[in-house]
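According to my numbering, the sequence shown is numbered sequentially starting from 2. The beta carbon of each residue, even a glycine, is placed where N, CA and C say it ideally should be.
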Amino acid sequence: MGSDAKYPARQGEASSHSGGGKMCEFCLKHSEGKKWYLQAENYSEDLLSDLRRRKFIEGFFANTDDLARDAERLEKLDKAPGFIKALMRRIITRKMKKNHFGQVVPMEEIEQIFGFVNSIVRVACVCRHVTLGEERRYCYGISMGPDGGKMSEILRSLDSSFLGGPDAEGLEAVSKDEAISAFRDHERDGLCHTVWTFQTPFIGGICNCDRADCLAMRTTVTHDIPIMFRAEYVAEVDPDKCVGCRQCMRVCQFGAITYSASKEKAVIDQRRCYGCGICRSVCKQDAIRLEERRGVPVAADLW
Ligand code: SF4
Ligand code: SF4
Numbered sequence: 002m003g004s005d006a007k008y009p010a011r012q013g014e015a016s017s018h019s020g021g022g023k024m025c026e027f028c029l030k031h032s033e034g035k036k037w038y039l040q041a042e043n044y045s046e047d048l049l050s051d052l053r054r055r056k057f058i059e060g061f062f063a064n065t066d067d068l069a070r071d072a073e074r075l076e077k078l079d080k081a082p083g084f085i086k087a088l089m090r091r092i093i094t095r096k097m098k099k100n101h102f103g104q105v106v107p108m109e110e111i112e113q114i115f116g117f118v119n120s121i122v123r124v125a126c127v128c129r130h131v132t133l134g135e136e137r138r139y140c141y142g143i144s145m146g147p148d149g150g151k152m153s154e155i156l157r158s159l160d161s162s163f164l165g166g167p168d169a170e171g172l173e174a175v176s177k178d179e180a181i182s183a184f185r186d187h188e189r190d191g192l193c194h195t196v197w198t199f200q201t202p203f204i205g206g207i208c209n210c211d212r213a214d215c216l217a218m219r220t221t222v223t224h225d226i227p228i229m230f231r232a233e234y235v236a237e238v239d240p241d242k243c244v245g246c247r248q249c250m251r252v253c254q255f256g257a258i259t260y261s262a263s264k265e266k267a268v269i270d271q272r273r274c275y276g277c278g279i280c281r282s283v284c285k286q287d288a289i290r291l292e293e294r295r296g297v298p299v300a301a302d303l304w
């Protein structure tokens with residue numbers, strides 16, 4: 002893949018209000034308007050010297066029963082009166098922004114992240130452990146340190162069977178090329194890439210999510226309680242190239258693509274688009290490209 006005509010490379014400064022658009026709140030707060038997840042300081046080993054952050058990480062991976070209970074509470078919250086749901090939505094989102102918040106990131110920028118971190122380990126996904134009761138190795142710990150860095154030290158110290166028990170491979174070191182190849186496979190399977198903080202702004206992991214089994218996507222999209230940002234991009238179909246095969250509709254996790262019977266073309270509702278780029282990866286006609294969100298007026302303020 003890499004930079005190509007479908008995907009405008011962008012390293013520039015954010016303009017918080019230029020052109021009717023802006024970057025996400027974390028870009029403005031945590032990297033002076035540059036993309037926060039492309040800044041090496043947000044992956045720094047120094048941030049893992051903070052004892053509160055270490056405790057948070059230990060609790061996150063050791064107490065997966067808490068996540069299962071949270072998932073049940075969200076199901077109940079859906080039936081609550083609107084004002085209670087609105088209040089809880091604000092409280093949960095605010096708390097998660099401090100502790101464990103994500104953002105959708107397209108493949109080219111995942112490759113950029115893999116380019117500057119020093120080690121990558123593949124681990125079993127906590128969400129699938131909770132929702133499926135199975136080990137699915139869709140999550141990747143990334144570190145500026147060698148051998149998985151301090152994050153892996155913390156994980157190795159935990160007594161958590163799904164992370165390193167007798168039936169699991171535990172923390173599996175992978176090279177950058179292996180990681181990129183695996184992410185391309187995940188993308189072909191329709192999984193969307195997301196970066197995650199462990200007490201913001203420290204980024205400790207990249208996951209591969211789908212709405213059926215990923216608690217974060219369920220919380221954000223199904224329950225409408227945002228715990229991850231959309232990507233800095235939105236997708237657009239080139240009608241001159243689209244042949245109406247509808248393959249892109251099959252993989253969109255966000256219900257953003259419809260089919261125009263009269264035009265025999267796919268149409269993307271950019272207000273729903275999360276900018277993951279998964280539709281683009283299955284389009285054999287090269288008809289889908291990602292545009293900068295801030296340059297698309299209907300989507301520029303939607304995160
Ligand atoms: S996959 Fe490509 S060609 Fe097929 S409907 Fe979608 S945009 Fe059109
Ligand atoms: S339309 Fe948007 S949200 Fe749906 S797959 Fe494409 S990029 Fe992702």
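- Secondary structure at Y44: helix, using DSSP grouped into helix, strand and coil.
- Rounded to the nearest whole angstrom, the C-alpha separation of I155 and F27 is 26 Å.
- Of all alpha-carbon atoms in I289, R219 and L216, the one lying nearest the alpha-carbon of R247 is that of I289.
- Here S158 is exposed: its Cβ has fewer than 16 other Cβ atoms, across all protein chains shown, within 10 Å.
- With a 10 Å radius around the Cβ and a threshold of 16 neighbouring Cβ atoms, A257 comes out buried.
- T198 has I204 as its beta-bridge partners, per DSSP.
- Per DSSP, T220 lies in no beta strand (DSSP E) and is assigned neither H nor E.
- Between the alpha carbons of P202 and C208 lies a gap of roughly 17 Å.
- The straight-line gap separating the alpha-carbon atoms of C277 and F255 is approximately 10 Å.
- By the Cβ neighbour-count rule, A87 is exposed, with fewer than 16 other Cβ atoms within 10 Å of its own.
- In the DSSP annotation of this structure, K99 is not part of any beta strand (DSSP E); the continuous alpha helix (DSSP H) holding it starts and ends at G83 to N100.
- Between the beta-carbon of R294 and that of E237 there is about 11 Å, and that puts the pair past the 8 Å contact cut.
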